[in-house]
Every structure is written in structure tokens, then in C-alpha cells.
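Novice: I have a structure I would like to understand better, so I am pasting it below and will then ask my questions one at a time.
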Amino acid sequence: MPSSHRLLEQAQQILPGGVSGAIRAVEPTIAFTRAQGAYLFDVEGRRYIDYLGGFGPILLGHCHPEVNQRVMETMARIDLIGVGASEQEIALAEKLGQHIPSAEKVVFCNSGSEATFLALRLARAATGRQKILKFQGCYHGWHDAVLMNVISEAEKLGQKDPLSAGMLPQAIDDTLVLPFNDLASVAEVLRDQGQQIAAIILEPLPHNMGCVLPAEGFLQGLRQLTLRYGIVLIFDEIITGFRHGLGGYQRIAGVVPDLTTMSKAIANGYPLAVVAGRADIMDQCQPGGDVYFAGTFNAHAAGVAAALTTIEILERPESYPHLFRLGERMRRGLEQIVRQAGIEATVVGYGSVYLLYFLRPPIRSYHDLLRNDGARFLSYRRQLIEQGSYELPVNLKRSYISLAHTNADVDQTLESAHRILHRR
Ligand code: PMP
1 MPSSHRLLEQ AQQILPGGVS GAIRAVEPTI AFTRAQGAYL FDVEGRRYID YLGGFGPILL
61 GHCHPEVNQR VMETMARIDL IGVGASEQEI ALAEKLGQHI PSAEKVVFCN SGSEATFLAL
121 RLARAATGRQ KILKFQGCYH GWHDAVLMNV ISEAEKLGQK DPLSAGMLPQ AIDDTLVLPF
181 NDLASVAEVL RDQGQQIAAI ILEPLPHNMG CVLPAEGFLQ GLRQLTLRYG IVLIFDEIIT
241 GFRHGLGGYQ RIAGVVPDLT TMSKAIANGY PLAVVAGRAD IMDQCQPGGD VYFAGTFNAH
301 AAGVAAALTT IEILERPESY PHLFRLGERM RRGLEQIVRQ AGIEATVVGY GSVYLLYFLR
361 PPIRSYHDLL RNDGARFLSY RRQLIEQGSY ELPVNLKRSY ISLAHTNADV DQTLESAHRI
421 LHRR
């Protein structure tokens with residue numbers, strides 16, 4: 001039996017389902033034992049070009065030497081104190097304040113789910129209201145207020161689709177769900193319930209359904225409506241923050257939300273998350289205000305050191321152009337292959353994110369993605385993996401390029417894509 005399967009069997013004895021998270025158990029089962037630059041290596045020593053990027057954080061490439069060195073130097077001096085704020089933490093907060101348009105004040109925690117949990121609590125405290133509004137296809141973490149209507153079956157569209165057993169019914173009731181890019185339906189709901197809604201939370205560029213670009217005027221329209229109704233606008237930039245630019249997607253779109261959550265790419269693989277936003281809302285945190293927020297590992301020195309170094313590298317003038325150029329090379333190459341093969345497929349993406357849906361445009365909301373041929377999507381990705389390019393074999397998931405990828409990596413993946421898509 002291949003040793004990847006032996007490891008899985010061993011894992012299943014002690015970890016539920018053999019993993020520590022909902023979509024970590026995927027087919028084919030591969031036990032990866034090493035990650036370096038743009039590559040993953042499995043237990044048999046086989047090399048894969050990595051387009052999973054640890055679900056997004058790996059923006060510079062795996063085990064980045066400058067990041068790791070700074071983390072190790074830091075950890076030799078300071079690990080976890082627990083009171084006050086460290087010099088590095090303050091420096092990182094100031095850096096975020098300089099780069100992110102909405103970041104008047106900043107706090108650190110450890111995961112994206114914690115960040116969105118705090119952002120929603122701050123919004124409820126600031127408004128004295130309970131309800132929140134999210135969009136079908138966006139993911140904001142695994143807590144009750146947001147864990148619904150991500151990748152939904154066709155028959156669940158238009159109704160609440162909680163992703164887990166054990167969620168509080170009241171939390172599910174208090175969250176409204178609307179289609180992304182449909183400003184008219186937001187305006188209609190706000191006319192009735194605007195005074196009860198504390199926050200609108202969204203991925204300004206939703207990557208949890210692949211890549212659905214915000215329609216012209218959609219983000220601006222949400223900004224105007226939330227100002228009119230006194231609703232806190234939260235941009236969940238946990239994927240887009242740092243991935244697409246130092247100022248997040250908000251700077252690219254020119255729309256400033258009240259609160260922003262960021263994580264993933266900020267620290268290139270080390271755990272760190274951020275809630276940033278308007279000073280009056282952020283200052284509600286204790287001890288200045290009455291919103292309770294805490295965490296033993298908040299602003300841990302490893303994550304802070306990793307983030308400071310990651311941002312320094314991203315500030316180099318060649319960093320984002322490299323990421324965007326490689327993304328463009330991949331998308332153009334795939335478009336050409338799809339055209340030549342005459343298949344029903346659409347290449348989408350932004351910056352260093354890309355994917356191939358097996359459907360025809362238009363793609364404006366999750367509803368359009370129901371036309372994706374999921375079986376074909378999975379079969380394509382499994383064949384890519386067999387040929388040494390690791391794109392997550394889960395329907396609608398985005399793929400990520402890192403600063404460590406080269407033209408040759410992208411071209412090798414395009415050659416595999418060509419072989420697979422022309423073989424029918
Ligand atoms: N928001 C978004 C946009 C995300 O993509 C994710 C994670 N995929 C989260 C929140 C939750 O982050 P975490 O997994 O770190 O809790």
C-alpha cells in the first residue's frame with residue numbers, strides 16, 4: 001500500500017476523519033511531508049507545483065528564508081509575554097495603518113474566524129442592533145453567525161443553508177443572506193429591515209466561490225446604503241488583503257469600509273489575523289470601551305515577525321508586478337487552451353488567483369456557478385495532480401500563485417492543462 005494511505009489510516013485512528021478541519025480530507029489522498037518555495041513534496045518524494053498555497057497564506061513561497069530567519073531571530077529573544085504591547089506589534093500596527101485605507105486602529109488575533117467574530121461583535125455593540133447581512137458564496141469562518149450559504153446545492157438557494165449541526169437557531173435567524181452583486185435586493189431588504197441590521201459583511205472580491213468580480217458600482221452602492229442606514233460595512237479581506245495589494249482590495253476598488261478583517265497572506269504561513277477600522281468602533285474594545293476581546297496568543301511574536309518581513313518583501317517594487325504577471329500568464333494560457341479545445345469553460349481570476357470553471361459566462365453571483373460541471377472540474381484537477389500540479393480537488397476552489405513561482409512552473413502546468421483538456 002502506498003505510504004500516503006498508511007499515514008491516512010494512522011491519522012484516522014486519532015484525528016476525526018483523519019484531519020483537523022472540514023475540507024482537509026480530499027481525494028486523492030496525498031501525505032505531503034515537505035514544502036519549499038513553489039513546491040510540495042509527498043511522502044514518496046514526488047514533487048508538485050503548489051497552487052493551494054496553504055489555502056492562501058503562502059504568498060511569498062513556502063518556508064521563505066527571510067521570513068523564517070526573522071521569526072527564528074525573534075523567537076530567540078521573545079516569545080509570549082502576555083501583558084502590554086511589544087515594539088514589533090506596535091510597528092506592525094503602524095504599518096497596517098499606513099497601508100490599509102480603513103485602518104485607523106488595529107488589533108491582532110490568530111485566525112480569520114476570530115477576526116470576523118470580533119468585527120461582528122463590534123458592529124453589534126456600535127449599532128445596538130442584532131441582524132447581519134451576508135452574501136451567498138462568501139465564507140467568513142466557522143462561527144454560528146456566518147457559517148451558512150457558502151457552496152450551496154441548487155435547491156437550497158434562496159433559503160438558509162447552515163453548514164453545520166449544532167448551530168444556534170437564533171444566530172442563523174439573525175443572519176440574512178442575499179445574492180452577491182444584487183444591489184437592488186440589498187436596497188429592498190434595507191427598506192424593510194435597515195434599522196435592525198448591525199453589519200453587512202462581504203468578501204469585496206469573493207474567492208470562496210472561486211472568483212466573482214464585484215460589478216461596477218456594487219461596492220460603492222453598499223457603501224452608500226450602509227451610510228444611509230447607519231450599518232457597519234465590513235470588508236472581509238482575509239484572502240484579498242496583501243494577496244492583491246498592500247492596501248487590500250479596498251484600495252484597488254476605492255471604497256473604504258468601516259471595518260476590515262485580514263489574515264492569510266499577511267504572514268506568509270504563520271498564524272496572524274487582524275481587525276482594523278474606524279477608531280470610534282475599534283475603541284469600543286476593553287479597556288477603553290465595553291466590548292470584550294482577548295486571546296492568550298494574540299499578537300504572538302512569531303506571527304508579528306513573519307508579517308513585518310512579509311510586508312517588507314511585498315513593498316519591494318518588483319513583488320506585485322511579478323505576482324500579477326504570472327497570474328496573467330496562467331489565465332491567458334488557459335484561455336488559449338480552452339479556445340483551441342472548443343470546450344465549455346471560462347477562465348477567471350484576479351492578480352495571482354485564477355481558476356477554470358466548466359461553464360459559460362456570465363458570472364455575476366453564486367447562482368451562475370450552479371452551471372459549473374462539478375464532475376468535470378474535479379476530474380480535471382485530479383488529472384492535474386497526477387501530472388504534478390496541485391490545484392485543490394474541491395469544487396469551485398480558487399488556485400493561488402506565489403512569488404516563488406516562475407514562468408517555467410506556470411508553463412509546465414499549462415502543458416498539463418493542454419494535455420488534459422485536449423484529451424476527450
Ligand atoms: N474569511 C475568509 C474570506 C476566508 O477565506 C476564511 C478562510 N478561508 C476565513 C474568513 C476564516 O479564516 P480561518 O480559517 O483562519 O478561521
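For the sequence shown, counting from 1, position 253 maps to 253 in full-length UniProt numbering; every step adds exactly one.
Built from N, CA and C at the ideal position, the CB exists for glycine as well.
Output the distance between the C-alpha atoms of I23 and N395, rounded to the nearest integer angstrom.
Specialist: Approximately 11 Å, taken between the alpha carbons.
Novice: Closest by CA to G37, which one among I238, L59, Q195?
Specialist: The candidate whose alpha carbon is nearest that of G37 is L59.
Novice: Between which two residues does the beta strand (DSSP E) harbouring V71 extend?
Specialist: Counting along the chain, V71 falls outside any beta strand (DSSP E), though it belongs to the alpha helix (DSSP H) covering 65-77.
Novice: Provide the residue(s) that pair with T175 in DSSP beta bridges, ordered along the chain.
Specialist: Paired residues: I132.
Novice: Secondary structure at H62, three-state DSSP: helix, strand or coil?
Specialist: The answer is strand: DSSP assigns H62 an E or B state.
Novice: Can you tell me which of the three DSSP states G37 falls into?
Specialist: Looking at G37 - three-state DSSP - the assignment turns out to be strand.
Novice: I'd like to know whether the C-beta atoms of R329 and V410 end up nearer to each other than 8 Å.
Specialist: Yes.
Novice: Relative to the C-alpha of G84, which residue among P257, G128, A294, Q98 is closest?
Specialist: Nearest C-alpha to G84: A294.
Novice: According to DSSP, simplified to helix, strand and coil, what is S113?
Specialist: The answer is helix: DSSP assigns S113 an H, G or I state.
Novice: Taking just the CA atoms, how far does Y48 sit from M1?
Specialist: Below a pLDDT of 50, predicted positions are generally treated as unreliable, and M1, at 49, falls in that range; the measurement from the model is reported next regardless. For M1 and Y48, the distance between alpha carbons rounds to 21 Å.
Novice: Indicate, with yes or no, if the ligand PMP has a heavy atom lying under 7 Å from the CB of I14.
Specialist: Checking every heavy atom of the ligand PMP against the Cβ of I14, none is found closer than 7 Å.
Novice: So A265 and G241 are in contact, right, with Cβ under 8 Å, and what is the actual spacing, rounded?
Specialist: Going by Cβ atoms, the distance from A265 to G241 rounds to 7 Å, so yes, they are a contact pair.
Novice: Assign G293 to one of three DSSP states: helix, strand, or coil.
Specialist: Reading the sequence as shown, one finds Phe at residue 293 and not Gly. Three-state DSSP puts F293 in coil, outside helix and strand.
Novice: Nearest to L414 by alpha carbon, out of P393, S365, K397, Q387?
Specialist: Of the listed residues, the one whose Cα sits closest to L414 is Q387.
Novice: What are the boundary residues of the beta strand (DSSP E) that includes R47?
Specialist: First-last of the beta strand (DSSP E) with R47: 47-50.
Novice: According to DSSP, what are the bridge partners of T346?
Specialist: Answer by DSSP bridge pairing, in chain order: Y357.
Novice: Whole alpha helix (DSSP H) runs in the region 211-239 with 4 or more residues, listed along the chain?
Specialist: Within the region 211-239, the complete alpha helix (DSSP H) runs of at least 4 residues are 218-229.
Novice: Among the residues of its own chain, which have a CB less than 6 Å from the CB of R278, if the five just before and after it don't count?
Specialist: Counting only Cβ-Cβ distances below 6 Å, and skipping sequence neighbours, we find E104, D258.
Novice: Tell me whether Y292 is buried or exposed, calling it buried when 16 or more other Cβ atoms sit within 10 Å of its Cβ.
Specialist: Exposed, because fewer than 16 other Cβ atoms sit within 10 Å of the Cβ of Y292.
Novice: Quick one: what's got a C-beta closer than 7 Å to T309's C-beta in the same chain, skipping five residues either side?
Specialist: So the list reads E66, V67, R70, once near-sequence residues are dropped.
Novice: Is it buried or exposed, G327, if we count other Cβ atoms within 10 angstroms and call 16 or more buried?
Specialist: Answer is buried; the Cβ neighbour count reaches 16.
Novice: Based on the DSSP secondary-structure assignment, which residues constitute the bridge partners of F32?
Specialist: DSSP lists D42 as partners of F32.
Novice: Provide the residue(s) that pair with C285 in DSSP beta bridges, ordered along the chain.
Specialist: C285 pairs with V291.
Novice: To the nearest angstrom, how far is the alpha carbon of P206 from that of A76?
Specialist: C-alpha separation (whole angstroms): 39 Å.
Novice: Pick out whichever of G128, R381, D182, G342 has its Cα sitting closest to the Cα of H422.
Specialist: When only C-alpha atoms are compared, the closest one is G342.
Novice: Once the 5 residues before and after G374 are set aside, which same chain residues still bring their CB inside 7 Å of it?
Specialist: N395.
Novice: Taking the CB atoms as reference points, tell me whether G54 and I239 lie closer together than 8 Å.
Specialist: The answer is no: Cβ separation not under 8 Å.
Novice: May I ask you to check if the CB of S263 is nearer than 7 Å to at least one heavy atom of the ligand PMP?
Specialist: Yes - the ligand PMP has a heavy atom lying nearer than 7 Å to the Cβ of S263.
Novice: Closest by CA to A165, which one among D144, A115, A267?
Specialist: Out of D144, A115, A267, D144 has the C-alpha closest to the C-alpha of A165.
Novice: Only counting runs of 4 or more residues, tell me where the alpha helix (DSSP H) segments fall wholly within the region 297-321, in order along the chain.
Specialist: DSSP runs (the alpha helix (DSSP H)) wholly in the region 297-321: 301-314.
Novice: Should S102 be listed as close to the ligand PMP, given that the test is whether its C-beta is under 7 Å from any heavy atom?
Specialist: Not so, every heavy atom of the ligand PMP lies at least 7 Å from the Cβ.
Novice: Which of the three DSSP states, helix, strand or coil, is assigned to residue 455?
Specialist: Because the chain here runs from 1 to 424, residue 455 falls outside it and cannot be looked at.
Novice: Taking the C-alpha atoms as reference points, what is the distance between I281 and A267?
Specialist: About 25 Å.
Novice: I'd like to know whether the C-beta atoms of Q136 and S319 end up nearer to each other than 8 Å.
Specialist: In this structure, S319 does not lie closer than 8 Å to Q136 by Cβ.
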